[in-house]
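Notes for the one structure printed next.
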Amino acid sequence: MNYQDVGEHKIKPPARAVLVNRDDNVAILLSDVKAGESISLGTGWVEIAAEDIPAGYKIAIQTLMAGQPVITHGVTIGVATRSIQRGERVHYHNLRAA
Numbered sequence: 284m285n286y287q288d289v290g291e292h293k294i295k296p297p298a299r300a301v302l303v304n305r306d307d308n309v310a311i312l313l314s315d316v317k318a319g320e321s322i323s324l325g326t327g328w329v330e331i332a333a334e335d336i337p338a339g340y341k342i343a344i345q346t347l348m349a350g351q352p353v354i355t356h357g358v359t360i361g362v363a364t365r366s367i368q369r370g371e372r373v374h375y376h377n378l379r380a381a
């Protein structure tokens with residue numbers, strides 16, 4: 284793992300994700316993340332992963348209710364089929380394509 288020195292401590296830097304459009308409610312992970320790890324969105328926001336999520340997957344940056352549009356790149360890609368908590372992976376198991 285790649286750790287950074289902070290004083291006399293070493294910390295793991297947060298995983299990174301991309302928030303493409305300010306209207307998006309999901310971000311795209313650039314690296315694998317484990318449950319409980321921090322994720323830097325590059326906007327000054329930091330999210331906490333609710334589960335292990337591989338790189339390339341989407342992560343909810345806000346709680347989404349069933350039926351709510353899922354937005355990435357400023358475009359609605361589908362609707363949540365169930366409640367998706369902030370920090371959860373967004374994928375076919377909880378998303379219906381638009």
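Numbered as in the working numbering, the sequence shown ends at 381 without a single skipped number. Even glycine gets a Cβ: it sits at the ideal position worked out from N, Cα and C. Since we're looking at a predicted model, the values are computed, not measured.
Beta-carbon to beta-carbon, Ile322 and Val373 are separated by about 13 angstroms, too far to satisfy the 8 angstroms threshold. In this structure, Gly361 and Arg379 form a Cβ contact; the two beta carbons are roughly 5 angstroms apart against a cut-off of 8 angstroms. Taking the CA atoms as reference points, Glu330 sits about 14 angstroms from Ile367. Of the candidates Ser314, Thr326 and Gly325, the residue whose Cα lies closest to the Cα of Gly339 is Ser314. When DSSP reads this structure, Leu378 sits in a beta bridge with Ala363. In this structure Val309 is in contact with Val353, their Cβ atoms being roughly 6 angstroms apart against a cut-off of 8 angstroms. The three-state reading of DSSP puts Arg369 in coil, since its state is none of H, G, I, E or B.
Taking 8 angstroms as the upper bound for CB-CB distance, Arg305 and Ile344 are not in contact here, some 11 angstroms apart. Val303 sits in coil when the DSSP states are folded into three classes, being neither helix nor strand.
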